[in-house]
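Protein chains: 2
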Amino acid sequence: EEVLVRGVAFNRDEAQLTITGVPDQPGVAHKILGPISDANIEVDMIVQNIGTDGATDFTFTVHRNELEQAKNILAETGKSLGAKNWSSDDKIAKISIIGGGMRSHAGVATQMFEALAKENINIQLISTSEIKVSVVIDEKYLELAVRSLHEAFDLHEA
Amino acid sequence: EEVLVRGVAFNRDEAQLTITGVPDQPGVAHKILGPISDANIEVDMIVQNIGTDGATDFTFTVHRNELEQAKNILAETGKSLGAKNWSSDDKIAKISIIGGGMRSHAGVATQMFEALAKENINIQLISTSEIKVSVVIDEKYLELAVRSLHEAFDLHEA
Ligand SMILES: C[C@@H](O)[C@H](N)C(=O)O
Ligand SMILES: C[C@@H](O)[C@H](N)C(=O)O
């Protein structure tokens with residue numbers, strides 16, 4: 324069926340923080356994000372996958388200029404939670420395909436993944452909503468990724 | 324700052340599939356989702372967190388009535404990828420807070436996580452966009468979760 328992909332959105336001003344091996348129990352997500360939110364740090368993506376053996380990992384992205392503060396806060400949380408580890412990456416870029424409803428979502432996401440795979444670009448993080456598929460990649464591939472996605476979806480670069 | 328939370332959305336007609344320990348290399352996301360998309364199976368959430376030791380996990384949700392077919396396809400993919408494991412869960416509910424821009428996103432998400440934590444509801448999966456924070460929980464807590472979120476955000480249940 325016809326997919327209405329409206330465009331490619333991207334930014335290079337975010338950084339990602341990950342805390343690994345946190346207890347997969349009620350209250351933990353709040354313990355991690357609460358202090359970040361209390362510090363008035365803006366958060367964009369929040370990604371958590373299914374836990375294994377009672378633990379899981381939690382990743383979120385912030386503006387790069389708030390990374391230092393977020394790192395300090397996360398380190399405190401990591402210690403108090405007894406997390407396995409915590410880390411950050413400020414060399415990321417976020418890129419999204421906008422458009423398509425759920426009916427075409429799998430097709431749009433597949434096409435996006437294929438375009439990136441063809442350029443040997445590794446997908447580090449995936450988070451979706453009905454109208455948007457967002458991935459995080461190494462920022463050095465951003466221009467290449469944007470170009471190949473415009474080609475894959477037959478869009479004209481602005 | 325003022326958060327414009329517009330409502331709580333939820334559904335109980337999805338099932339989640341997870342494939343664990345897949346190589347965190349270009350092309351893998353496409354290998355996983357391609358066959359699902361080729362079978363015309365609709366996909367809603369797609370979640371992948373940061374990899375560790377060169378491997379990561381990939382989770383997606385489908386309509387419950389397409390779960391059997393999706394499971395069969397995923398099993399084939401799992402074997403050909405040499406994945407660690409694959410599993411599914413049809414006792415989930417998806418619940419989302421709609422509204423708020425990035426500026427209030429961390430606050431909205433924190434408030435959502437806190438409301439669920441207060442009811443001892445475990446958050447299994449988290450995926451967000453700028454205007455939406457979606458989580459997956461055990462379906463048996465859906466009514467309780469919807470009620471506590473309406474209270475937490477001072478919304479009137481429809
Ligand atoms: C890991 C974290 O999301 C936990 N499961 C919680 O409910 O808070
Ligand atoms: C795991 C999967 O997303 C892989 N990193 C890829 O780029 O396809």
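Chains as they are written, first to last, in this note's numbering: chain A, 324 to 481; chain B, 324 to 481. Glycine included, each C-beta is placed from N, C-alpha and C at the ideal position. Every value quoted in this text rests on a predicted model; they were computed, and no experiment measured them.
>> So, for Q348 (chain B): in the same chain, excluding its five sequence neighbours on each side, which residues have a beta-carbon less than 8 Å away from its beta-carbon?
In response: G377
> In chain B, which residues lie with their C-beta within 8 Å of the C-beta of K455 (chain A)?
Replying inline: S452
> Counting contacts by CB-CB distance shorter than 7 Å, is L356 (chain B) in contact with chain A?
Replying inline: yes
> Using a Cβ-Cβ cut-off of 7 Å (strictly less than) and excluding sequence neighbours within five positions of A338 (chain B), which residues of its own chain qualify?
Replying inline: T384, V385, R387, L390, S411, D412, D413 and I415
> Hey, out of B:N395, B:F381 and B:D367, whose CA is closest to K407 (chain B)'s CA?
Replying inline: B:F381
>> Please return the same chain residues whose Cβ sits closer than 8 Å to the Cβ of E474 (chain B), not counting the five positions on each side in sequence.
In response: A438
> I444 (chain B) touches chain A at which residues, Cβ-Cβ below 8 Å?
Replying inline: P349
>> What does the Cβ neighbour count give for K354 (chain B), buried or exposed, with the cut at 16 atoms within 10 Å?
In response: buried
> Does the beta carbon of N445 (chain A) fall short of 6 Å from some heavy atom of ligand 2?
Replying inline: yes
>> Can you confirm whether T384 (chain A), when its beta carbon is compared against all beta carbons of chain B, has any partner nearer than 7 Å?
In response: no
>> Please report whether the beta-carbon of A352 (chain B) lies at a distance below 7 Å from any beta-carbon of chain C.
In response: You won't find chain C in this structure, because its protein chains are A and B.
>> Counting only Cβ pairs nearer than 7 Å, list the residues of chain A close to V370 (chain B).
In response: V370, N372, I449 and S450
>> Give me the chain B residues within the contact set of T400 (chain A), using Cβ-Cβ distance strictly less than 8 Å, ordered along the chain.
In response: Result: empty, since nearest Cβ-Cβ is about 13 Å, beyond 8 Å.
> How about V458 (chain A) and I421 (chain A): do their beta carbons lie closer than 7 Å?
Replying inline: no
> List, in order along the chain, the chain A residues whose C-beta lies closer than 8 Å to that of E437 (chain B)?
Replying inline: H353 and G357
> From this set, B:R335, B:G357 and B:A332, which residue's C-alpha is nearest S427 (chain A)'s C-alpha?
Replying inline: B:G357
> Is the shortest distance between the beta-carbon of A338 (chain A) and the beta-carbons of chain B less than 7 Å?
Replying inline: no
>> Could you pull the DSSP bridge partners for L340 (chain A) from this structure?
In response: A:F383 and A:S411
> Along chain A, which residues have their Cβ under 7 Å away from the Cβ of A440 (chain B)?
Replying inline: P349, G350 and H353
> Under a three-way DSSP split, which group does D361 (chain A) fall into?
Replying inline: helix
> Comparing alpha-carbon positions, which option in B:N445, B:T451 and B:I444 lies nearest V431 (chain B)?
Replying inline: B:T451
>> Could you check whether the Cβ of S471 (chain B) sits closer than 7 Å to any Cβ belonging to chain A?
In response: no
> Roughly how many angstroms lie between the CA atoms of L467 (chain B) and V456 (chain B), to the nearest whole one?
Replying inline: 18 Å
>> Below 8 Å on C-beta distance, what does S360 (chain A) contact in chain B?
In response: A429, G430, A432 and T433
>> So D413 (chain A) contacts chain B; which residues on that side make the cut at Cβ distance below 9 Å?
In response: The premise fails here: D413 (chain A) is roughly 14 Å from chain B at the closest Cβ pair, so nothing lies under 9 Å.
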